[in-house]
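K.L.:
Taken in order, the sequence shown gives residues 1 to 481; the numbers are from the UniProt record's numbering.
Quick reminder that beta carbons are idealized off the backbone N, C-alpha and C, glycines included.
Being a predicted model, the structure only gives us computed values, none of them experimental.
The structure that follows is given in the form of structure tokens.
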Amino acid sequence: MFRAASHQWSGRIARMAMSPAQKSNGAMPALTRGAFALRSASSQRILRPALCASFHSSPYRLSAEQANLMKEPPVITTETITVGGQTYTKDAFSNVTPTILEKTTRQLHLIPTHPVAIIKDLIASTFPDFKHYDTFSPVVTTKENFDDLCFAADHPGRAVTDTYYLNEKVMLRTHTSAHQLKVMTESDKILVTADVYRRDEIDASHYPVFHQMEGAQLFDAKTAVEDIKALITRDLAAAGAASKAIQTTDTTVITPENPKQAAHDEAAMLAVADHLKHSLNLMIRRLFSHEKDLQVRWIDATFPFTSPSWEMEILYQGKWLEVLGCGVIQQDILKNAGKPDKIGWAFGLGLERLALVLFGIPDIRLFWSQDERFLKQFEPSKIQKFKPFSKYPACIKDISFWTPEKFHENNFCEIVRDVAGDIVEDVHLIDEFTHPKTKKRSVCYRINYRSMDRNVTNAEINELQEKLREEVVQRMKVDLR
Ligand code: FA5
Ligand code: MG
Numbered sequence: 001m002f003r004a005a006s007h008q009w010s011g012r013i014a015r016m017a018m019s020p021a022q023k024s025n026g027a028m029p030a031l032t033r034g035a036f037a038l039r040s041a042s043s044q045r046i047l048r049p050a051l052c053a054s055f056h057s058s059p060y061r062l063s064a065e066q067a068n069l070m071k072e073p074p075v076i077t078t079e080t081i082t083v084g085g086q087t088y089t090k091d092a093f094s095n096v097t098p099t100i101l102e103k104t105t106r107q108l109h110l111i112p113t114h115p116v117a118i119i120k121d122l123i124a125s126t127f128p129d130f131k132h133y134d135t136f137s138p139v140v141t142t143k144e145n146f147d148d149l150c151f152a153a154d155h156p157g158r159a160v161t162d163t164y165y166l167n168e169k170v171m172l173r174t175h176t177s178a179h180q181l182k183v184m185t186e187s188d189k190i191l192v193t194a195d196v197y198r199r200d201e202i203d204a205s206h207y208p209v210f211h212q213m214e215g216a217q218l219f220d221a222k223t224a225v226e227d228i229k230a231l232i233t234r235d236l237a238a239a240g241a242a243s244k245a246i247q248t249t250d251t252t253v254i255t256p257e258n259p260k261q262a263a264h265d266e267a268a269m270l271a272v273a274d275h276l277k278h279s280l281n282l283m284i285r286r287l288f289s290h291e292k293d294l295q296v297r298w299i300d301a302t303f304p305f306t307s308p309s310w311e312m313e314i315l316y317q318g319k320w321l322e323v324l325g326c327g328v329i330q331q332d333i334l335k336n337a338g339k340p341d342k343i344g345w346a347f348g349l350g351l352e353r354l355a356l357v358l359f360g361i362p363d364i365r366l367f368w369s370q371d372e373r374f375l376k377q378f379e380p381s382k383i384q385k386f387k388p389f390s391k392y393p394a395c396i397k398d399i400s401f402w403t404p405e406k407f408h409e410n411n412f413c414e415i416v417r418d419v420a421g422d423i424v425e426d427v428h429l430i431d432e433f434t435h436p437k438t439k440k441r442s443v444c445y446r447i448n449y450r451s452m453d454r455n456v457t458n459a460e461i462n463e464l465q466e467k468l469r470e471e472v473v474q475r476m477k478v479d480l481r
């Protein structure tokens, strides 16, 4: 299975950092490859409005009209990409594909009967006095997604292998944190829900488009300790309905690897960290109030925009499933938001990951199903366990090739996705070796084809596999074995 996990943005991941500039990868999708030749002075230009109309009170907030524009089919030409009523000039960074852009029109978190929206509402109800934004455009600048959040220039998250770029300066957000700075200037208690996009691996809990909810709460740095004590006491008194059957383990300690920030008073930071974990534990207890024997644990993490940082994991089907990342906000971000005298926490959680557990949905692809047997099972504000429709047989195919010099698994995955879409259940690396003489590396990937809603025929899959073999040769310039 692909285990690059570069989006975990964690210090635990020892992957070489490469910026897109360093790593202008040769294996770009067919529709964008031509863009390399088209790079010119004009490619520096970004955000050329195609439909100027009434958009602009805030570039961050979609008006009702803009939300409707998100539903218009995006258009990719050899020179431009039009999405959400805006046209962007392509350049060497442009790697977003039609399959992915089409997803920007779906807005699952805004469909009240969809599990992603149901879970969004349930979580939001546990943060009742937070200001909730859920209609921000998925198109953001690299400044918003990375620079404003203290990402180093060579952070792996910026690589074209990991992120969908419209062009050098404009991209599909990879996390809801891209809106943190802006919304924190507006309020001290915020939630942001949105669709996010990542070039990632393919399996039952990873999908290139998913939904996150961001939360943040700020306190006056001087009175944080007392204020938080009062808040926690109040919450615990009111927490009667939350499940006590959940077993939560937290063995994390503040260490130099996951440190307090120099700008912070220790007592205030510890109070904020306490309130953060308390709020998220309470949210989980409320959300899973009917669940028996749920096991939850806290582990250390690293994010450029928080310190100390943690992740929460839930034991699901015998494995620890990471559901959220969080931490104490970097003080520089609060300074830039015009709030230097505050201290605060932030979290970002994966809505599908929680929905997998809550609704018992076995595969993340199902969230994108248009099949009524899926969609008709859910009602607003209600948690009901998913009733699987019959599991259709899998069809397994292997593909082996000599890797090119700049091979990245995410590029291969992208081609699989483009050719076969949601019919692919997962992709595993099952074999690799390096030729002793030529030093060339050979890989063998196993592709598990299985439709969620119908039987697939061997002939149909053979055709897809053949197409995949052709595309892999053409786009990645590899030799098949
Ligand atoms: C982030 O995205 C941080 N922005 C979270 C954060 C916010 C940290 C604020 C601190 C403060 P991460 O890459 O770990 O972190 O993703 C957060 C969550 O998104 C994960 O815990 C997981 O639940 C979900 N997630 C990540 N990748 C995928 C994927 N490919 N498919 C589905 N869910 C995913
Ligand atoms: Mg993570």
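#1: Can G360 be considered in contact with the ligand MG, in the sense that its beta carbon sits closer than 8 Å to one or more heavy atoms?
#2: Using only the heavy atoms of the ligand FA5, determine whether one of them is closer than 8 Å to the beta carbon of L181.
#3: Give me, in chain order, the residues of the same chain whose beta-carbon lies closer than 7 Å to that of F374; leave out the 5 immediate sequence neighbours on both sides.
#4: Identify the continuous beta strand (DSSP E) that holds L395 and give its terminal residues.
#5: Output yes if chain D places a C-beta closer than 9 Å to the C-beta of K292; else output no.
#6: Between which two residues does the alpha helix (DSSP H) harbouring V416 extend?
#7: Could you tell me whether any non-hydrogen atom of the ligand FA5 is closer than 8 Å to the CB of L334?
#8: At a threshold of 8 Å, does A346 count as lining the ligand MG (C-beta to nearest heavy atom)?
#9: So what's D235 in DSSP terms, helix, strand or just coil?
#10: Measure the alpha-carbon distance for L191 versus M213 and round it to whole angstroms.
#11: Output yes or no for whether 9 Å exceeds the beta carbon distance between P115 and F359.
#12: For D195 versus P138, is the C-beta distance shorter than 9 Å?
#13: How would you call P29, buried or exposed, if buried means at least 16 neighbouring beta carbons within 10 angstroms?
#14: Look at the alpha carbon of D431 and the alpha carbon of C444, and state the distance between them as a whole number of angstroms.
#15: I'd like to know if the stretch 164 to 184 and the stretch 206 to 223 are in contact, where contact means that at least 3 CB-CB pairs between them fall below 8 Å.
#16: What are the complete alpha helix (DSSP H) segments, minimum 4 residues, inside the stretch 252 to 326?
#17: Quick one, which of Q295, P380, V272, N281 has its alpha-carbon nearest Q330's?
#18: Pick out whichever of D332, M70, I111, M283 has its Cα sitting closest to the Cα of G85.
#19: Between the C-alpha atoms of G338 and F130, what's the straight-line distance to the nearest angstrom?
#20: With a threshold of 8 Å (Cβ to nearest heavy atom), would P115 be considered close to the ligand FA5?
#21: Roughly how many angstroms lie between the CA atoms of A117 and L108, to the nearest whole one?
#22: Let's test the definition: count the other Cβ atoms within 10 Å of the Cβ of N68 and tell me whether it reaches 16, buried, or not, exposed.
#23: Under a Cβ-count criterion, where at least 16 other Cβ atoms within 10 Å of its own Cβ denotes burial, should L480 be classed as buried or exposed?
#24: Taking the CB atoms as reference points, tell me whether I333 and Q180 lie closer together than 9 Å.
#25: Between which two residues does the alpha helix (DSSP H) containing K382 stretch?
#26: Which runs of the alpha helix (DSSP H) at least 4 residues long sit entirely within the stretch 142 to 186? Give them in chain order.
#27: Out of curiosity, what's the CA-to-CA distance linking D197 and E414?
#28: Does T142 pass the burial test, meaning 16 or more other C-beta atoms within 10 Å, or should it be called exposed?
#29: With burial defined as no fewer than 16 other Cβ atoms inside 10 Å of the residue's Cβ, what is the status of P308: buried or exposed?
#30: State the Cα-Cα distance for the pair S125 and P259, rounded to the nearest angstrom.
#31: Runs of 3 residues minimum, wholly inside the stretch 335 to 366: which ones carry the beta strand (DSSP E) assignment?
#32: Which runs of the alpha helix (DSSP H), 4 residues or longer, sit entirely within the stretch 107 to 144?
#33: Return yes when the C-beta of H175 is under 8 Å from any heavy atom of the ligand FA5, and no when it is not.
#34: Please determine whether the Cβ atom of G215 lies at a distance below 8 Å from any heavy atom of the ligand MG.
#35: By a C-beta neighbour count over all protein chains shown, 10 Å radius and 16 as the cutoff for buried, is A53 buried or exposed?
#36: Assign F347 to buried or exposed, taking buried as 16 or more other Cβ atoms, counted over all protein chains shown, within 10 Å of its Cβ.
P.N.:
Looking at the atomic coordinates:
#1: Short note on G360: C-beta not closer than 8 Å to any heavy atom of the ligand MG.
#2: Between the ligand FA5 and L181, a heavy atom-to-CB distance of less than 8 Å is absent.
#3: Contacts found: L366.
#4: It is worth fixing the name first, because residue 395 is Cys in this sequence and not Leu. In the DSSP assignment, C395 falls within the unbroken beta strand (DSSP E) covering 395 to 402.
#5: Among the chains of the structure shown, chain D does not appear; only one protein chain is present.
#6: First-last of the alpha helix (DSSP H) with V416: 409 to 420.
#7: Taken from the Cβ of L334, every heavy atom of the ligand FA5 lies 8 Å or farther away.
#8: Not under cutoff, so the answer is no.
#9: Three-state DSSP puts D235 in a helix.
#10: C-alpha separation (whole angstroms): 7 Å.
#11: Yes, the pair counts as a contact, with Cβ atoms nearer than the cut-off.
#12: Yes, the pair counts as a contact, with Cβ atoms nearer than the cut-off.
#13: Low confidence applies here, because P29 scores a pLDDT of 27, under 50, leaving its location unreliable; read the following figure in that light. Classification for P29: buried.
#14: The straight-line gap from Cα to Cα measures roughly 5 Å.
#15: Cβ pair count under 8 Å is three or more, so yes.
#16: The stretch 252 to 326 contains these whole alpha helix (DSSP H) runs: 266 to 287.
#17: That would be V272, whose Cα lies nearest to the Cα of Q330.
#18: Nearest C-alpha to G85: M70.
#19: Cα to Cα, G338 sits roughly 19 Å from F130.
#20: No - the ligand FA5 has no heavy atom lying nearer than 8 Å to the Cβ of P115.
#21: C-alpha separation (whole angstroms): 7 Å.
#22: With fewer than 16 other CB atoms across the displayed protein chains lying within 10 angstroms of its CB, N68 is exposed.
#23: Per the 10 Å Cβ criterion, exposed.
#24: A contact, by the Cβ cut-off of 9 Å.
#25: Counting along the chain, K382 falls outside any alpha helix (DSSP H), and DSSP gives it neither H nor E.
#26: With a minimum length of 4 residues, the continuous alpha helix (DSSP H) runs that stay inside the stretch 142 to 186 are 142 to 145, 180 to 186.
#27: Reading off the sequence shown, one finds Tyr at residue 197, where the question assumed Asp. So the alpha carbons of these two residues sit roughly 12 Å apart.
#28: Of the other Cβ atoms in all chains shown, 16 or more fall within 10 Å of the Cβ of T142; this residue is therefore buried.
#29: Buried: at least 16 other Cβ atoms inside 10 Å.
#30: Taking the straight line joining both Cα atoms gives about 32 Å.
#31: The stretch 335 to 366 contains these whole beta strand (DSSP E) runs: 342 to 350.
#32: Whole alpha helix (DSSP H) segments, 4+ residues: 115 to 125.
#33: At least one heavy atom of the ligand FA5 is nearer than 8 Å to the Cβ of H175, so yes.
#34: No.
#35: Below a pLDDT of 50, predicted positions are generally treated as unreliable, and A53, at 24, falls in that range; the measurement from the model is reported next regardless. By the 10 Å Cβ count, A53 comes out exposed.
#36: Residue burial is scored here from C-beta neighbours: F347 has at least 16 other C-beta atoms within 10 angstroms and is therefore classed as buried.
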